[in-house]
Structures are given as structure tokens and as C-alpha cells.
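S.K.: Here it is, the structure in full.
Right, here's the structure in full:
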């Protein structure tokens with residue numbers, strides 16, 4: 001394989017992998033902040049115990065999200081240096097803003113949140129989780145702005161002499177409709193991810209609740225989390241579906257090829273039907289058999305059941321006139337199936353949340369084992385949905401890296417050998433595989449351990465005044481304090 | 497051109513911040529077994545940097561992002577040119593990042609030992625790799641007329657760059673040792689101090705040779721002066737450590753680190769990545785830069801948010817200003833018992 005193909009595989013693998021963890025972190029940070037707020041306001045230790053329980057799982061997940069993100073930032077320069085030269089003027093800005101506005105916020109307040117239980121007041125500690133949550137969402141905003149620029153380049157002019165895109169309007173880049181709806185879609189999807197973890201793991205911990213007293217206690221503590229997760233899942237699913245629908249309309253305007261490919265719609269059609277399942281020929285260029293819902297595709301794309309939807313062949317002809325000869329079609333079966341997988345996952349989560357809320361209404365808890373296992377299986381829903389969504393949106397953009405401006409084939413680093421890319425592809429895939437095993441193992445371990453006891457949870461928030469560098473007993477002060485006689489010998493509330 | 501200069505300075509400041517801050521947490525990681533010795537001692541070390549290492553690392557991510565935004569050609573040439581070196585750097589950063597978080601999450605000694613080795617190896621490798629990388633930036637790399645790196649991986653391993661790698665490693669070990677003297681108590685502190693005193697002369701000597709050699713390769717006299725000031729600062733840090741002035745020793749080792757990085761940037765200015773093939777093919781603050789629009793925009797963002805970031809990061813250091821002793825470390829889950837006399841106070 002050549003360097004281009006390998007670099008594309010590497011980008012696909014590392015990005016999808018990174019995004020297994022990121023939405024879970026975004027969703028969980030928000031839900032934990034809600035629970036901690038409940039603790040601060042009610043001072044009912046049951047909330048503190050939940051915060052502690054989810055906090056551990058959150059940190060296990062967050063760590064991988066952070067470290068795999070480092071690779072994402074470096075990868076553009078390593079594998080895609082021509083792309084970086086072309087778009088740096090406009091693409092670099094949101095990345096730099098992400099680091100400055102979001103990464104510092106996340107990392108600093110994460111440190112304060114993890115180690116600050118006994119050093120900060122409960123309110124201040126809770127504020128740290130909110131800042132962390134804001135940080136995760138800000139981070140997503142800037143990265144989505146950068147990605148949306150690639151889907152629909154706005155706010156730039158192309159400088160032919162320098163061979164690069166130059167930014168003329170940052171506001172357009174940050175707030176184009178595609179960006180706003182894509183961001184809303186991702187955040188709503190992240191809420192589903194976080195809530196699926198809440199629901200799935202709470203269900204897993206509660207499914208044996210009648211076996212022992214400890215299980216009954218676990219069920220009592222985690223029941224509010226389960227309900228919170230279900231409510232968040234319902235809200236998240238509805239918002240995901242609504243924002244996805246609005247996003248699809250914008251995409252139909254600015255990326256007609258992607259949306260036509262998502263439907264495997266070959267010819268321009270009025271009142272286009274939505275195909276639930278389509279079997280195509282082996283080369284994927286025409287349709288053999290399908291199940292269709294009349295008019296729905298036109299409605300999704302244009303808000304009218306009889307609206308006109310442009311087909312792949314017609315967009316192809318138009319692009320050839322506009323950009324010269326070439327194949328402007330993405331791999332249709334991939335976009336088609338990923339689009340369905342994504343939507344299917346979204347609707348499945350909506351159904352799951354409704355069923356879950358019904359079964360747990362008014363203090364009830366279902367008795368049948370399979371219901372609990374269904375909730376556990378729900379964790380896979382958003383994971384599948386997010387992965388399929390990204391594969392759809394990135395593969396659907398091909399052959400462009402920046403739609404209409406710059407081709408993926410031109411983007412790759414010209415002097416990096418296929419051997420180098422293959423090496424890094426193998427190294428990162430292997431490393432990520434190991435990390436996945438470690439992560440799942442740790443998640444299971446701490447899910448099984450259950451929430452901490454009330455005494456344990458309360459002990460960790462007993463405040464103690466920090467002693468400074470310079471208040472040692474040797475008579476020195478300030479920076480020159482050489483030692484610490486350390487009257488306070490209590491162990492730290494949290495230590496690595 | 498004012499904006500180009502401003503962004504050259506800002507990126508230099510981000511790298512200074514990175515080397516000063518992550519420098520000491522690399523040092524702490526590298527000293528895990530030497531100063532930490534047994535389980536509780538090692539955990540003292542890890543906890544001195546636990547709340548802050550992640551924030552320190554963001555200086556690198558911001559430097560990378562800022563380079564992409566302000567000097568995209570520099571970002572593209574350097575990151576694709578140093579491909580395999582960066583691959584190793586990334587593997588180390590990933591391993592190290594999860595190691596801190598996961599080390600204490602298992603309950604067997606084997607588990608903890610594995611993560612200890614991950615921390616240890618990555619904390620030794622990263623300073624060397626960064627030193628080699630910046631050694632090459634200062635020395636210049638084979639860039640062609642299109643600003644593409646046309647050398648091989650082995651070209652990066654030239655004697656000057658390797659010396660710079662060793663220098664940065666020794667500096668980071670000293671800086672980390674000084675930090676540990678400041679942040680720990682009793683026997684852990686004694687070991688950190690003793691180690692620092694033994695090691696610092698080597699760091700000072702290596703740095704002295706490196707900055708003089710650097711001057712012979714390129715750079716104005718000012719770069720040499722700043723480099724020598726870094727050597728002096730490290731010598732003062734060593735002297736202050738001898739008399740247990742831990743706080744001031746740390747200020748001086750941080751200063752030394754910052755001055756060394758400053759000397760690199762002074763040496764290459766107004767280039768950002770010099771070409772060894774033809775000076776005309778070098779990347780400069782002019783031909784590598786983004787448009788004035790982007791630079792202006794990013795300047796406003798930086799002016800508005802950098803003080804805020806520095807403010808809350810400083811606050812987090814203040815919250816965790818306390819010294820840590822083995823007595824503060826709770827027992828590890830499932831640890832094999834008998835922590836020996838180390839745990840006693842002196």
C-alpha cells in the first residue's frame with residue numbers, strides 16, 4: 001500500500017478510536033457535575049457516593065481520551081503536511097484556540113477535582129467539575145469548527161500564488177450553520193454516550209440486587225443515577241435526532257454528493273423515497289432490490305415530501321464541469337450503510353430510554369434479567385452510532401480533504417515513506433489495542449466494586465488547611481523553608 | 497512583521513513554559529526508582545506531580561497548536577521531517593499519560609511495577625528526544641527549496657543534537673531532583689537532595705559544552721550569553737541545594753531551563769527552521785507565517801486568555817503547595833505488606 005492509503009487508514013483508526021472515549025467523557029462530566037451539584041445543594045451523602053463512584057470510571061475513560069487526542073494534533077503535521085501547509089492559516093486557529101481555551105481548563109481543573117476533595121470547599125470543588133465539563137464542550141466546539149471547515153470551507157480565499165487557503169472571516173468559520181448543527185449533533189450524541197454508561201453500568205451493578213444486602217445497598221445508591229441516565233438518554237436522543245435532521249438539510253445544500261451517497265440515490269428524483277434497506281450490485285453503482293418509504297428522503301432533505309433531491313450521477317456531472325474530469329463519488333455502500341447504522345443507533349437509544357423510564361417509573365425496578373442485560377448492551381449503541389457517524393461524514397467527503405478546494409490525494413506528506421507510515425500505523429494500532437483491554441478491565445473492576453460506603457465518602461471531604469513550603473519549624477520562612485515538621489499526618493484524601 | 501515577531505516570541509514562551517513545567521515532572525518520573533526506591537516512596541514522588549503534570553503537558557499541545565496556526569509551514573516541515581522521532585515521543589506521551597492515572601487503579605504489585613516502568617522509561621526518553629529535536633532545529637536540517645525535509649532519520653542523530661539530548665536529560669533530572677527536595681520530607685527528601693548534588697555538576701558541564709558548541713554553529717553573541725547564564729543559573733541552583741534553600745534552588749533550576757530554551761530561539765532567529773542545504777531555503781518567521789489576519793486574530797485571543805490560564809494554573813499550584821511525606825500516602829490496595837524503616841520520620 002502507498003503512503004496515502006496507509007495515512008488514511010491511520011487517520012481513520014486513530015480518529016474513530018479517539019472518539020470512542022471523547023463523547024463518553026463529555027457526557028459523563030456533565031452528568032457528574034449535575035450529581036455533585038445535587039450533593040452540594042441537598043448534602044445528602046447518597047449523591048456524594050454516586051459522584052465518587054462515577055468519578056473513578058470517568059477518570060479511567062478520560063485518560064485515554066486525553067492521550068489519544070495528543071496524537072490527533074500531531075498527526076496533521078506528520079502524515080498530512082501538504083494539507084497542513086494548505087489550510088494552516090485557517091485550520092490551525094481553532095486548534096490553537098482549543099488548546100488555549102479548553103485543554104488548559106480541562107487539565108488544570110481535572111487535577112484540582114481529583115486531588116482537591118479535602119482542600120477545596122464542596123462548592124468550589126463542584127465548580128471545578130463544571131469548569132471541566134465546560135472545557136470538554138468547548139474543546140468539541142473548536143474541533144468541530146475545524147472539521148466543519150473541511151466539509152464546507154467558508155470564510156477563506158484561496159491564494160493561488162502561495163498555494164494556500166487564507167482566512168478572511170473567523171466568525172464564518174466558527175458559526176457557519178453546518179458547524180452549529182454538527183456541534184449540536186455531537187454534543188447531544190455525547191449526552192447519549194454518557195447516559196448509556198450511567199444506565200448500562202448502573203444496571204449491571206443492580207441486576208443481582210436481591211442476592212445480598214450489599215447488592216441491595218448498591219441498587220439503592222445507584223437508582224438515582226439510573227433514572228438520571230435514562231432522562232438524559234431520552235433528552236439526548238431527541239436532541240440528536242432533531243439536530244441530525246437539521247444538519248442533514250444543511251448538508252444536502254453544501255454537500256449534495258455526500259447526502260446522495262448516503263441514500264444511494266443515483267438519479268435526481270422528485271418526491272424521493274427513503275430506503276430502509278437496499279441491496280446494490282457488487283460494484284455499488286446501481287440498485288437491485290430495496291424496501292422504501294415514499295417521500296421521506298425528500299422530506300428529510302428539503303422539508304417537503306415532493307422536493308427534488310439531487311442524485312449521485314447528476315452531482316458527478318456537475319462537479320466534472322466545475323472541477324475538471326475525475327471521480328467525485330465516495331464509496332457509496334460505505335456511506336449508505338454507515339448512515340443507516342448511525343440513524344439506527346440513535347433511534348434504538350430513544351426506544352431504550354423510553355422503555356427504561358417506563359419500567360422504572362414510580363420506584364419500580366424490573367425483575368427480569370434480560371431487561372437489565374438490555375440496558376448493559378445499550379452501552380454499545382452510542383459507540384456504534386458515533387463511529388458510524390464519523391466514518392460516514394469523513395468518507396462521504398472523499399475525494400476531498402477540503403471540499404471543492406483540496407483533494408485528499410494531494411494532502412499527504414510528500415517526503416514521508418510508506419514504510420514510516422506503516423510503522424506508525426502498526427505501533428498505534430497495537431498500542432490502542434492494549435489500552436482498550438486495560439480500559440475495559442479497569443471499568444469492570446470499578447463497576448464491580450460499587451459505590452463507596454457513606455463513611456468512606458464523607459471522610460474524603462474533611463477539609464484540612466494546606467501547609468505551605470515555608471512554614472517549617474526550623475525558623476525559616478517563605479521560599480527558603482527547608483523542611484516540614486508535619487503535624488498533620490492524616491493520609492491524603494486522594495493519592496495516586 | 498511585528499506580528500511575526502510577536503508570534504515567534506509567544507511560541508518560544510510556550511516552549512519555555514513546557515520545558516520548565518513538564519521538565520520537573522519528567523525529572524520526577526525519571527527518578528522514580530532512584531529517589532522513590534520503595535512503593536510508598538515512589539508514590540510520594542508520583543503524588544508531588546499528580547495534580548499538575550497534565551496541565552504542564554498542555555503547554556506542549558498549545559505550542560503545537562500555536563505553531564500550526566501562526567507558522568503552518570514550520571509545523572508541516574518539522575512534524576513530517578521528524579516523523580519517526582515524533583512517533584517515539586507520542587508513544588512515550590501516551591504511555592506516560594495513562595500510567596499516572598492507571599498505576600494506582602490496579603491491586604497487584606506486578607500491575608504497579610509495569611506502570612512504574614512505563615513512567616520511568618518514558619520520562620527518560622522524552623527529555624532526550626526533545627533535546628535531540630531542538631538540537632536539530634538549532635543546527636538546521638536538510639530542507640529543500642519546497643521546505644520539505646529531505647534527510648533521513650539517522651541524520652537527526654548527529655553529535656551536536658545527541659549532546660543536546662543528553663544535556664536536556666541531565667538538566668531535567670536536576671530540575672526534578674530540586675523539585676523533589678522542595679516538595680517532600682524526611683528520607684525521600686534526603687535522597688532527592690543527595691542525588692541532585694551528585695548529578696548537577698554533570699548537568700552544568702554538559703550544558704556549558706552544549707551552549708558553546710551551539711554558538712559555534714549559529715546564533716548571535718546574545719544567544720551565547722543567555723546560554724551561559726543558563727549554566728550559571730544551574731550552578732547557583734546546585735549551590736542553593738547544598739544549603740537546603742529548596743525554594744530558591746527550584747526558582748534557579750527553572751530559570752536555567754527557561755534560559756537554555758531561550759538561547760535556542762535566539763540562536764535561530766529570524767529563522768524558525770534553518771536549512772543546512774542552502775540558507776535561502778530556510779524557513780523564516782516571514783515565509784513560514786500565516787496571514788496578518790490570522791496572526792492578529794490569534795494575538796487577541798492570546799492577550800485575552802493567556803493571563804487567565806496562567807492565573808488559574810498558578811492557583812492550582814498554590815492549592816497543592818504542601819510538602820508530601822510517606823505518612824500522607826494511604827496504603828495501596830492489595831499491597832504486599834512490610835514497608836520498611838523508610839516510613840519512619842527523622
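Residue numbers (my numbering), protein chains in the order written: chain F, 1 to 496; chain D, 497 to 842.
Quick reminder that beta carbons are idealized off the backbone N, C-alpha and C, glycines included.
Since we're looking at a predicted model, the values are computed, not measured.
Let me know the alpha helix (DSSP H) ranges lying completely inside the segment 11 to 74 of chain F, each 4 residues or longer, listed in chain order.
M.R.: Those alpha helix (DSSP H) runs which fall completely within the segment 11 to 74 of chain F and span 4+ residues do not exist here.
S.K.: So residue 371/F and residue 79/F are in contact, right, with Cβ under 8 Å, and what is the actual spacing, rounded?
M.R.: Against the first chain, residue 371/F aligns to sequence position 371. Against the first chain, residue 79/F aligns to sequence position 79. At roughly 46 Å, the Cβ-Cβ gap does not stay under 8 Å, so residue 371/F and residue 79/F are not in contact.
S.K.: Determine, for residue 553/D, whether the minimum Cβ-Cβ distance to residues of chain F falls below 9 Å.
M.R.: The count along the second chain starts at 1 and reaches residue 553/D at position 57. Residue 553/D counts as touching chain F.
S.K.: Can we say the segment 600 to 609 of chain D touches the segment 728 to 747 of chain D, given the rule of at least three CB pairs closer than 8 Å?
M.R.: Contact between the segment 600 to 609 of chain D and the segment 728 to 747 of chain D is absent, because fewer than three Cβ pairs lie under 8 Å.
S.K.: To which residues does DSSP link residue 165/F through a beta bridge?
M.R.: Taking the first chain and counting its residues from 1, one reaches residue 165/F at position 165. Note: residue 165/F sits in a beta bridge opposite 158/F.
S.K.: Could you check how far apart the C-beta atoms of residue 666/D and residue 699/D are, in whole angstroms? I think they sit under 8 Å.
M.R.: Mapped onto the second chain, residue 666/D falls at position 170. Mapped onto the second chain, residue 699/D falls at position 203. Yes, residue 666/D and residue 699/D are in contact; Cβ-Cβ is about 4 Å, under 8 Å.
S.K.: With the cut-off set at 9 Å, would you say residue 563/D and residue 512/D are in Cβ contact?
M.R.: Taking the second chain and counting its residues from 1, the one referred to as residue 563/D is at position 67. Taking the second chain and counting its residues from 1, the one referred to as residue 512/D is at position 16. Their beta carbons are not under 9 Å apart, which means residue 563/D does not touch residue 512/D by this criterion.
S.K.: For residue 529/D, does the three-state DSSP call read helix, strand or coil?
M.R.: Walking along the second chain from the start, residue 529/D turns up at place 33. DSSP places residue 529/D in coil when its eight states are reduced to three.
S.K.: Given that residue 683/D touches chain F, what residues does it touch there, using C-beta distances under 7 Å?
M.R.: The residue given as residue 683/D occupies position 187 in the second chain. Ordered by position in chain F, no residue passes the 7 Å Cβ test against residue 683/D, which lies about 12 Å from the chain.
S.K.: To the nearest angstrom, report how far apart residue 469/F and residue 657/D are at their CA atoms.
M.R.: Counting from one through the first chain, the residue named residue 469/F turns up at place 469. Counting from one through the second chain, the residue named residue 657/D turns up at place 161. For residue 469/F, the predicted structure reports a pLDDT of 49, less than 50, and the residue's modelled location is therefore unreliable. A value from the coordinates is still provided. For residue 469/F and residue 657/D, the distance between alpha carbons rounds to 37 Å.
S.K.: Output yes if chain F places a C-beta closer than 9 Å to the C-beta of residue 557/D; else output no.
M.R.: Sequence index remark: in the second chain, residue 557/D carries index 61 (1-based). Judged by the 9 Å Cβ criterion, residue 557/D is in contact with chain F.
S.K.: Note down, in chain order, every chain F residue with its Cβ under 9 Å from the Cβ of residue 790/D.
M.R.: The residue given as residue 790/D occupies position 294 in the second chain. In chain order: 88, 89, 90, 92, 93, 166, 167 and 170.
S.K.: Kindly list, in the order they appear in chain D, the residues whose Cβ is closer than 8 Å to that of residue 119/F.
M.R.: Position 119 of the first chain holds residue 119/F. Here the neighbours are 815 and 816.
S.K.: Hey, residue 764/D and residue 633/D: beta-carbon distance below 9 Å or not?
M.R.: Within the second chain, numbered from 1, the residue matching residue 764/D stands at position 268. Within the second chain, numbered from 1, the residue matching residue 633/D stands at position 137. In this structure, residue 633/D lies closer than 9 Å to residue 764/D by Cβ.
S.K.: Can you tell me the Cα-Cα spacing of residue 801/D and residue 101/F, whole angstroms?
M.R.: Taking the second chain and counting its residues from 1, the one referred to as residue 801/D is at position 305. Taking the first chain and counting its residues from 1, the one referred to as residue 101/F is at position 101. If I take the Cα positions, the gap works out to 7 Å.
S.K.: Would you list, in sequence order, the uninterrupted beta strand (DSSP E) runs of no fewer than 3 residues that lie entirely inside the segment 520 to 572 of chain D?
M.R.: As far as the segment 520 to 572 of chain D is concerned, it has no whole beta strand (DSSP E) run of at least 3 residues.
S.K.: For the segment 101 to 115 of chain F, list every residue whose C-beta sits within 9 Å of some C-beta in chain D, in sequence order.
M.R.: Taking 9 Å as the Cβ-Cβ cut-off against chain D, the residues of the segment 101 to 115 of chain F that qualify are 101, 103, 104, 105, 106, 107, 108, 109, 110, 111, 112, 114 and 115.
S.K.: Within the 9 Å Cβ cut-off, does residue 303/F reach chain D?
M.R.: Sequence index remark: in the first chain, residue 303/F carries index 303 (1-based). Not an interface residue.
S.K.: Under a Cβ-count criterion, where at least 16 other Cβ atoms within 10 Å of its own Cβ denotes burial, should residue 382/F be classed as buried or exposed?
M.R.: Looking up residue 382/F in the first chain gives position 382. Buried: at least 16 other Cβ atoms inside 10 Å.
S.K.: Report yes if the CB atom of residue 652/D is closer than 9 Å to the CB atom of residue 637/D, and no otherwise.
M.R.: Here the question's residue 652/D lines up with position 156 in the second chain. Here the question's residue 637/D lines up with position 141 in the second chain. Yes.
S.K.: Could you say if the segment 522 to 535 of chain D and the segment 800 to 814 of chain D meet the contact criterion of at least three C-beta pairs nearer than 8 Å?
M.R.: Cβ pair count under 8 Å is below three, so no.
S.K.: Using the Cα positions of residue 70/F and residue 509/D, report the straight-line distance between them to the nearest angstrom.
M.R.: Along the first chain, one-based indexing puts residue 70/F at 70. Along the second chain, one-based indexing puts residue 509/D at 13. Going by the C-alpha atoms only, they are around 20 Å apart.
S.K.: Which residues of chain D have a Cβ atom closer than 9 Å to the Cβ of residue 85/F, listed in chain order?
M.R.: Residue numbering aside, residue 85/F sits at position 85 when the first chain is read from its first letter. Within chain D, the residues near residue 85/F are 568, 569, 571, 572, 573 and 643.
S.K.: Grab me the residues of residue 2/F's own chain with a C-beta within less than 7 Å of its C-beta, minus the 5 sequence neighbours each way, in chain order.
M.R.: Residue 2/F sits at position 2 when you count from the first residue of the first chain. Correct list, in chain order: 418.
S.K.: If I measure Cβ to Cβ from residue 33/F and keep anything under 6 Å in the same chain, skipping five residues before and after, which residues do I get?
M.R.: Here residue 33/F refers to the residue found at position 33 of the first chain. Closer than 6 Å at Cβ, skipping near neighbours: 129, 130 and 133.
S.K.: Say whether chain F places a C-beta atom closer than 9 Å to the C-beta of residue 600/D.
M.R.: Numbered from 1 along the second chain, position 104 holds the residue referred to as residue 600/D. Cβ-Cβ to chain F under 9 Å: yes for residue 600/D.
S.K.: Would you grab the beta carbon distance between residue 759/D and residue 726/D for me? Rounded to a whole angstrom, and I think it's under 8 Å.
M.R.: Within the second chain, numbered from 1, the residue matching residue 759/D stands at position 263. Within the second chain, numbered from 1, the residue matching residue 726/D stands at position 230. Yes, they are in contact, since the Cβ atoms of residue 759/D and residue 726/D sit about 6 Å apart, within 8 Å.
S.K.: Using C-beta distances below 7 Å, list every residue in its chain close to residue 158/F, excluding the 5 sequence neighbours before and after it, in chain order.
M.R.: The residue labelled residue 158/F in the question sits at position 158 within the first chain. Answer for residue 158/F: 165 and 405, listed in chain order.
S.K.: For a cutoff of 9 Å on Cβ pairs, would you count residue 60/F as touching chain D?
M.R.: For the purposes of this step, residue 60/F is taken as residue 60 along the first chain, with counting starting at 1. Yes - at least one Cβ of chain D is within 9 Å of the one on residue 60/F.
S.K.: Keeping to the same chain, check which residues put their C-beta closer than 7 Å to that of residue 98/F; ignore five residues upstream and five downstream.
M.R.: Sequence index remark: in the first chain, residue 98/F carries index 98 (1-based). Around residue 98/F: 139, 142 and 143.
S.K.: Could you tell me whether any Cβ in chain D is nearer than 9 Å to the Cβ of residue 448/F?
M.R.: To locate residue 448/F, count along the first chain from 1; it is residue 448. Answer no: the Cβ-Cβ gap between residue 448/F and chain D never drops below 9 Å.
S.K.: Hey, would you say residue 579/D sits closer than 9 Å to residue 416/F, going by beta carbons?
M.R.: As a working note, residue 579/D is residue 83 in the second chain. As a working note, residue 416/F is residue 416 in the first chain. Cβ distance < 9 Å, so residue 579/D and residue 416/F count as in contact.
S.K.: From the DSSP output, in three-state form, read off residue 86/F for me.
M.R.: In the first chain, counting from the first residue as 1, residue 86/F sits at position 86. Helix at residue 86/F.
S.K.: Any C-beta of chain D sitting closer than 9 Å to the C-beta of residue 382/F?
M.R.: Sequence index remark: in the first chain, residue 382/F carries index 382 (1-based). Residue 382/F does not count as touching chain D.
S.K.: Please compile the residues from chain F whose C-beta is within a distance smaller than 8 Å of the C-beta of residue 801/D.
M.R.: Residue numbering aside, residue 801/D sits at position 305 when the second chain is read from its first letter. The contacting residues are 100 and 101.
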